[in-house]
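Trainee: If you scroll down you'll find the structure; I have some questions about it.
In UniProt numbering, the protein residues as written are 1 to 139.
Right, here's the structure in full:
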């Protein structure tokens, strides 16, 4: 069975990428892994008692995004796996793709933070360069 990874960040393009992958399930049997990468959390302003609370708050959004993805898939009669992982988005997704032996990665053409794209370069462009498999960039 083929494995496809869908990168989710809560943006509309990322959910369109999920829709595209779910559309493919009808044509090709595949396992879908929805991934949400959590960028590094700075603990410089955090004392011992606040770190656990800060970490839980930092994971609230990725967990909600993945829960929404599961619900979307379930409404279409598809079961997906989900996973959040810490790190830089492109590098982390490429590593997960290698670990999973993924055949394809689906992601949106723009993330939710266009300022970051201007400053650091596009995650989708970087992933196309380093991914171990086909990358489908969805507009």
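Think of the CB as a built atom: it goes at the ideal place given N, C-alpha and C, for glycine as much as any other residue.
1) Roughly how many whole angstroms lie between the Cα atoms of residue 77 and residue 100?
2) With H, G and I counted as helix, E and B as strand and the rest as coil, what does DSSP make of residue 36?
3) Nearest-angstrom Cα distance between residue 94 and residue 127?
4) Can you tell which of 11, 109, 138 has its C-alpha closest to the C-alpha of residue 69?
5) Who are the Cβ neighbours of residue 89 in its own chain at under 6 Å, not counting the five residues just before and after it?
Mentor: Working from what's here:
1) Here residue 77 refers to the residue found at position 77 of the chain shown. Here residue 100 refers to the residue found at position 100 of the chain shown. So the two alpha carbons sit approximately 23 Å from each other.
2) By 1-based counting over the chain shown, the position of residue 36 is 36. If DSSP states are grouped into helix, strand and coil, residue 36 belongs with the strands.
3) Against the chain shown, residue 94 aligns to sequence position 94. Against the chain shown, residue 127 aligns to sequence position 127. Roughly 7 Å between the two C-alpha positions.
4) By one-based count along the chain shown, residue 69 stands at place 69. Among 11, 109, 138, the Cα nearest to that of residue 69 belongs to 11.
5) Position 89 of the chain shown, counted from the first residue, corresponds to residue 89. So the qualifying residues of the chain are 37, 123.
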